[in-house]
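Trainee:
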Amino acid sequence: MSTDVNVKLDALPGLDSNALPLEVKDLHVEFRTRNGIARAVNGVSFSLRAGETRAILGESGCGKSVTAQAIMGILDSPPGFVTGGEIRYRGVDLLKLREEQRRKVRANRVAMIFQDALSALNPVFTVGFQLGELFRKHRGMSRADSKARAVELLDLVKIPAAKQRVNEYPHQFSGGMRQRVMIAMALALDPEVLIADEPTTALDVTVQAQIMSLLAELQQERNMGLLLITHDMGVVADVADQISVMYAGRVIEEAPVRDIYESPSHPYTKGLLESIPRLDLKGQELSAIKGLPPLLTDIPKGCAFNPRCRYAKDACRQDPVPPLHRVAPARSSACHFWKEVQADV
Amino acid sequence: MSDIVLEARDLVKHFPLTQGILFKRQIGAVRAVDGINLQLRRGETLGIVGESGCGKSTLARMLVGLETPTSGDLFVQGRNMAKVGGAERRRGRRNIQLVMQDPYTSLNPRMTVGDIIGEPFEVHSEVLEKPKRRARVQELLDLVGLNPDHINRYPHQFSGGQRQRIGIARALALNPEIILCDEPVSALDVSIQAQVINLLEKLQKELGLSYIFIAHDLSVVRHIADRVAVMYLGRVVEIGTEDQIYENPTHPYTQALLSAVPVPDPKLRGMRDQIVLTGDVPSPANPPSGCRFRTRCWKAQEICAQREPELAVRQSSDHPSACHFAEVRDVVHAQR
Ligand SMILES: Nc1ncnc2c1ncn2[C@@H]1O[C@H](COP(=O)(O)OP(=O)(O)OP(=O)(O)O)[C@@H](O)[C@H]1O
Ligand SMILES: Nc1ncnc2c1ncn2[C@@H]1O[C@H](COP(=O)(O)OP(=O)(O)OP(=O)(O)O)[C@@H](O)[C@H]1O
Ligand code: SF4
Ligand code: SF4
Ligand SMILES: [Mg+2]
Ligand SMILES: [Mg+2]
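Heads up: the protein sequence lines correspond to chains A and B, in order.
No gaps in the numbering here: position 236 of the first sequence is 237 in my numbering, and each next residue is one more.
No gaps in the numbering here: position 244 of the second sequence is 673 in my numbering, and each next residue is one more.
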């Protein structure tokens, strides 16, 4: 078994502690499948500061998880390939690192939690063993010390009777508790960035509320950057500072949370917000976005949203794709007609 | 004719818990539904909410006759389904249809859409003679907003939202008066969810349907329901009009549930009176004595462990609530 205690993080080429903890630039990912090339991520850029929460919002299949997998270096490859762009951790382009260096960053600096905790935990080892292994492997700690740290961590994520439960197996925990265990594992080595891919989607609202408040608390304590992937606009409104809205593998709008909800600058964002049931619309038709998202093997020419867009004009049906451009300080939209959209209430 | 199209009286479903492989012994029971009383009125939508495992689907399956109650009675249009003859029971069953959650697994992948929607006619062949069925299926496709020419396609050729429409068309095939929707939009994206909710509301108006609508998304239920029942561990803990439940909830569980729903408005961040419940839902095989919510309730007193609170109207409120100390509390809830 290899141990990577010896890979030194401060020896990473180009490491700059003043650079942002995470910066993604023009990321491209494609899946080469029998049915053609699925362009899952088509030039995604965003950055994440220490202590900041950025939400990646978008509907099923728009490329949120693939973006996260590319950042973590856990893309299913083949068929998935990163075909362009940069993913920088404190200035270091992770895409240029050797696999062992990458693994080290992944364990120590940039961690991830998944929607389905059960499949992320190993069913044949106790929770304590799995947590302890992180300390044994990455910190070279003794068995006894790492077990003690495992108990501390379970305590940190508020698992009652941590001392006893550390010896139990994942299936002996409820869904919410397993999610806590996964958070504990992700936070074990004090990462600077946490990527949470739909961390509460499978849970009941009361448990979701517990987990989200736990995450917020831990993030603040540690001044960690949180990349929150979700399609729940309630959760986003509750916890995010910045939002990137994705559609068909692109970021189509980016803004601070309040601005997005107050005056969306892209028809897709506007459509999403309008389709949430609201009290004042009781008894009326909900405003749905017509049609379906495109197949990623066959993304429409021009603006990918044009077949569903009520603002679409001829320019939208032709290349070039409208780029994500600045529409106000700290705000960007990838719509030719964002002014019209913003003005339309 | 009575205004109540469907009624459950003391409906109970216990699933036996067994041990041993060769000689199974019963060591207990999962009390999935444990004494539920409900009435569905003509043309209304009754919403049912509650956390995972509280018995919503089991209740739904009993109401449509897919599951036999352990005890209790089910009345369809005033007739006790356990007491009527076979023919009348079939007619009663035909009148209630189920739309299920998962548009990916609830349709047989090897059947064409036409066969799927037409399947109920095979079971109830008296409803429509064979030669007329194809036209009826196409009519149903059109009714739910799908292209009638796609009758020979297979489920995998449709998106999630479209598959849910297929499920709805099949439920409508026998002209039922009552439709039970068990999480019909939970698996769908918001923009598609809105399309399906609009369709359900349109069909209700056009066909005069009565709905039972089960969902865990409280804002969706608020949008579609006239009345709402809140379930916890196999029982209804509070029931009332949509307004009563959302504006004036009196049961601590309802209050906690509503307060946990994030509000899609960043301006209201931190202004919500959020009740964060501690602990997990107890096992339905071994529910707490007295009030089942007491292990998570911040208001629990001694009496809560001793006496099960009745689902009843108390002085402090205008609708039934199963709490000894029911009182209105204002929570900023699911919507603006
Ligand atoms: N292993 C894979 N093989 C082939 N295609 C894949 C694979 N994983 C993802 N894709 C493609 O990438 C697209 C984006 O998938 P991704 O999982 O990122 O969506 P998502 O935005 O996370 O959606 P959801 O909200 O459903 O989780 C999918 O539509 C799919 O076509
Ligand atoms: N066939 C069965 N045999 C044994 N136990 C069952 C069976 N069906 C359901 N249960 C149990 O009954 C309880 C209620 O389940 P049910 O599916 O009705 O809950 P639900 O409210 O629909 O939950 P969800 O929101 O997750 O769909 C659960 O504890 C479940 O494990
Ligand atoms: S560019 Fe055109 S099609 Fe795309 S969102 Fe803007 S108006 Fe709609
Ligand atoms: S009866 Fe007691 S335990 Fe039950 S909800 Fe009311 S106060 Fe809480
Ligand atoms: Mg995903
Ligand atoms: Mg269910």
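All residues carry an ideal CB built from backbone N, CA and C; glycine is no exception.
Just so you know, these numbers come straight off a predicted model, no measurement behind them.
(1) For the stretch 213 to 247 of chain A, which segments carrying the alpha helix (DSSP H) assignment without a break, of at least 4 residues, lie completely within its bounds, in sequence order?
(2) Pick out the complete beta strand (DSSP E) segments inside the stretch 49 to 121 of chain A, 3 residues or longer, and give them in chain order.
(3) Considering only residues of the same chain and omitting the five flanking positions on each side of V237/A, which have a CB-CB separation below 8 Å?
(4) Which residues bound the alpha helix (DSSP H) around K340/A?
(5) Could you check the C-alpha separation between A185/A and I114/A for me, to the nearest Å?
(6) For L475/B, would you say it is in contact with chain A, using Cβ-to-Cβ distances shorter than 7 Å as the test?
(7) Within 7 Å of any Cβ in chain B, is that where the Cβ of A210/A sits?
(8) From the DSSP output, which residues share a beta bridge with Q526/B?
(9) Considering only residues of the same chain and omitting the five flanking positions on each side of E255/A, which have a CB-CB separation below 6 Å?
(10) Please confirm whether G15/A and G86/A have their CB atoms less than 7 Å apart.
(11) Please return the same chain residues whose Cβ sits closer than 7 Å to the Cβ of G74/A, not counting the five positions on each side in sequence.
(12) I'd like to confirm the pairing. Which residues does DSSP put opposite G476/B in its beta bridges?
(13) Count the other CB atoms, across all protein chains shown, that sit within 10 Å of the CB of K65/A; report buried if there are 16 or more and exposed otherwise.
(14) Would you mind stating whether P278/A and V342/A have Cβ atoms separated by less than 7 Å?
(15) Does the pairing of the stretch 191 to 211 of chain A with the stretch 744 to 759 of chain B give three or more beta-carbon distances under 8 Å?
(16) Alpha carbon to alpha carbon, how far is L697/B from R765/B? Give it in angstroms, no decimals.
(17) When the cut-off is 7 Å and only beta carbons count, does H585/B lie next to chain A?
(18) Please identify the residue among L647/B, S712/B and Q730/B whose C-alpha is closest to the C-alpha of P691/B.
(19) Closest Cβ-Cβ distance between S620/B and chain A: below 7 Å?
(20) Beta carbon of Y312/A: closer than 6 Å to some heavy atom of ligand 3?
(21) Taking the straight line between their C-alpha atoms, what separation do you get for D571/B and V710/B?
(22) Compute the Euclidean distance between the alpha carbons of R723/B and T679/B, then round it to the nearest angstrom.
(23) Quick one: grab the DSSP three-state call for H443/B.
(24) What residues of chain A sit near V659/B, judged by a beta carbon separation below 8 Å?
(25) Could you check the C-alpha separation between M2/A and K138/A for me, to the nearest Å?
(26) If I measure Cβ to Cβ from A511/B and keep anything under 8 Å in the same chain, skipping five residues before and after, which residues do I get?
(27) What separation, rounded to the nearest whole angstrom, lies between the Cα atoms of A437/B and D463/B?
(28) What does a CB cutoff of less than 6 Å around E667/B pick up in its chain, not counting 5 residues either side in sequence?
(29) Starting from K634/B, follow the alpha helix (DSSP H) in both directions and report where the run begins and ends.
(30) I want to see whether chain A comes within less than 7 Å of H762/B, judged by CB atoms only; does it?
(31) Taking the alpha-carbon positions, what's the R563/B to N604/B distance?
(32) Measure the C-alpha to C-alpha separation of G574/B and P584/B and round it to an integer number of angstroms.
(33) Opposite I196/A in the DSSP bridges: which residues?
(34) Between the alpha carbons of P79/A and E31/A, how many angstroms are there, rounded?
(35) My assumption, with CB atoms under 8 Å, is that E169/A sits in contact with V128/A. Please give the rounded CB distance.
(36) With DSSP as the reference, label E756/B as helix, strand or coil.
Mentor: So, from the listed chains and residues:
(1) Runs found: 234 to 240.
(2) Whole beta strand (DSSP E) segments, 3+ residues: 54 to 58, 81 to 90 and 111 to 114.
(3) For the purposes of this step, residue 237/A is identified with residue 236 of the first sequence, where counting begins at 1. Annotation for V237/A: A56, L58, L229, T231, I244 and V258 place their beta carbon closer than 8 Å to its own, counting only its chain and skipping 5 residues before and after.
(4) Along the first sequence, read from residue 1 onward, the residue named residue 340/A stands at position 339. Looking at the DSSP string, the run of the alpha helix (DSSP H) that includes K340/A is W339 to A344.
(5) As a first step, residue 185/A is located in the first sequence; it is residue number 184 there, counting from the start. As a first step, residue 114/A is located in the first sequence; it is residue number 113 there, counting from the start. Cα to Cα, the separation comes out at about 10 Å.
(6) Counted from its first residue, the second sequence places residue 475/B at position 46. No, no contact with chain A.
(7) Numbered from 1 along the first sequence, position 209 holds the residue referred to as residue 210/A. Interface with chain B (7 Å Cβ-Cβ cutoff): A210/A is included.
(8) Counting from 1 along the second sequence, the entry for residue 526/B is found at position 97. Per DSSP, the beta bridge partners of Q526/B are I608/B.
(9) Within the first sequence, numbered from 1, the residue matching residue 255/A stands at position 254. Counting only Cβ-Cβ distances below 6 Å, and skipping sequence neighbours, we find S245 and S333.
(10) On the first sequence, position 14 is the one that residue 15/A refers to. On the first sequence, position 85 is the one that residue 86/A refers to. Pairing G15/A with G86/A gives a Cβ-Cβ distance that is not under 7 Å.
(11) By one-based count along the first sequence, residue 74/A stands at place 73. Closer than 7 Å at the Cβ level, and outside the excluded window around G74/A, lie L95, R103 and R107.
(12) As a first step, residue 476/B must be located in the second sequence, where it is residue number 47. BP columns for G476/B point to F642/B and V657/B.
(13) Mapped onto the first sequence, residue 65/A falls at position 64. It counts as buried.
(14) Residue mapping note: residue 278/A aligns to position 277 of the first sequence, counting from 1. Residue mapping note: residue 342/A aligns to position 341 of the first sequence, counting from 1. Their beta carbons are not under 7 Å apart, which means P278/A does not touch V342/A by this criterion.
(15) Judged by Cβ distances under 8 Å, the stretch 191 to 211 of chain A makes no contact with the stretch 744 to 759 of chain B, as fewer than three pairs qualify.
(16) Mapped onto the second sequence, residue 765/B falls at position 336. Mapped onto the second sequence, residue 697/B falls at position 268. Low local confidence applies: a pLDDT of 43 at R765/B is under 50, so the model's placement there is unreliable, and no value is given.
(17) If you number the second sequence from 1, residue 585/B lands on position 156. Not one chain A Cβ lies under 7 Å of H585/B.
(18) By 1-based counting over the second sequence, the position of residue 691/B is 262. The shortest CA-to-CA distance from P691/B to any of L647/B, S712/B and Q730/B is the one to L647/B.
(19) Your numbering for residue 620/B matches position 191 in the second sequence. S620/B has a beta carbon lying within less than 7 Å of a beta carbon in chain A.
(20) By one-based count along the first sequence, residue 312/A stands at place 311. Yes; taking the cut-off as 6 Å, the Cβ of Y312/A has a heavy atom of ligand 3 nearer than that.
(21) Walking along the second sequence from the start, residue 571/B turns up at place 142. Walking along the second sequence from the start, residue 710/B turns up at place 281. Cα to Cα, the separation comes out at about 43 Å.
(22) Here the question's residue 723/B lines up with position 294 in the second sequence. Here the question's residue 679/B lines up with position 250 in the second sequence. In this structure, the alpha-carbon of R723/B lies about 15 Å from that of T679/B.
(23) Here residue 443/B corresponds to residue number 14 of the second sequence, with the count starting at 1. It is a strand residue.
(24) Taking the first residue of the second sequence as 1, we reach residue 659/B at position 230. Per Cβ cutoff of 8 Å: no residues; V659/B is ~12 Å from chain A at best.
(25) Residue numbering aside, residue 2/A sits at position 1 when the first sequence is read from its first letter. Residue numbering aside, residue 138/A sits at position 137 when the first sequence is read from its first letter. Reliability fails at M2/A, whose pLDDT of 38 lies under 50, so the model's placement of it is uncertain and no value is given.
(26) Translated into positions along the second sequence, residue 511/B becomes position 82. Answer for A511/B: D502 and L503, listed in chain order.
(27) By one-based count along the second sequence, residue 437/B stands at place 8. By one-based count along the second sequence, residue 463/B stands at place 34. So the alpha carbons of these two residues sit roughly 12 Å apart.
(28) The residue labelled residue 667/B in the question sits at position 238 within the second sequence. Result list for E667/B: V659, H680, T683 and S750, in chain order.
(29) Taking the second sequence and counting its residues from 1, the one referred to as residue 634/B is at position 205. Its alpha helix (DSSP H) spans residues V619 to L636.
(30) As a position in the second sequence, residue 762/B is number 333, starting the count at 1. Because H762/B carries a pLDDT of 49, less than 50, the predicted location of this residue cannot be relied on, and no value is offered for it.
(31) Along the second sequence, one-based indexing puts residue 563/B at 134. Along the second sequence, one-based indexing puts residue 604/B at 175. Straight across, the Cα-Cα distance linking R563/B with N604/B is about 16 Å.
(32) Looking up residue 574/B in the second sequence gives position 145. Looking up residue 584/B in the second sequence gives position 155. Distance between the alpha carbons of G574/B and P584/B: 16 Å.
(33) Here the question's residue 196/A lines up with position 195 in the first sequence. According to DSSP, which records beta bridges pairwise, I196/A is partnered with M113/A and L228/A.
(34) The count along the first sequence starts at 1 and reaches residue 79/A at position 78. The count along the first sequence starts at 1 and reaches residue 31/A at position 30. Spanning the two alpha carbons is a distance of roughly 10 Å.
(35) For the purposes of this step, residue 169/A is taken as the residue at position 168 of the first sequence. For the purposes of this step, residue 128/A is taken as the residue at position 127 of the first sequence. Cβ-Cβ separation between E169/A and V128/A: approximately 6 Å, consistent with a contact (criterion under 8 Å).
(36) Residue 756/B sits at position 327 when you count from the first residue of the second sequence. The DSSP-derived three-state label of E756/B is coil.
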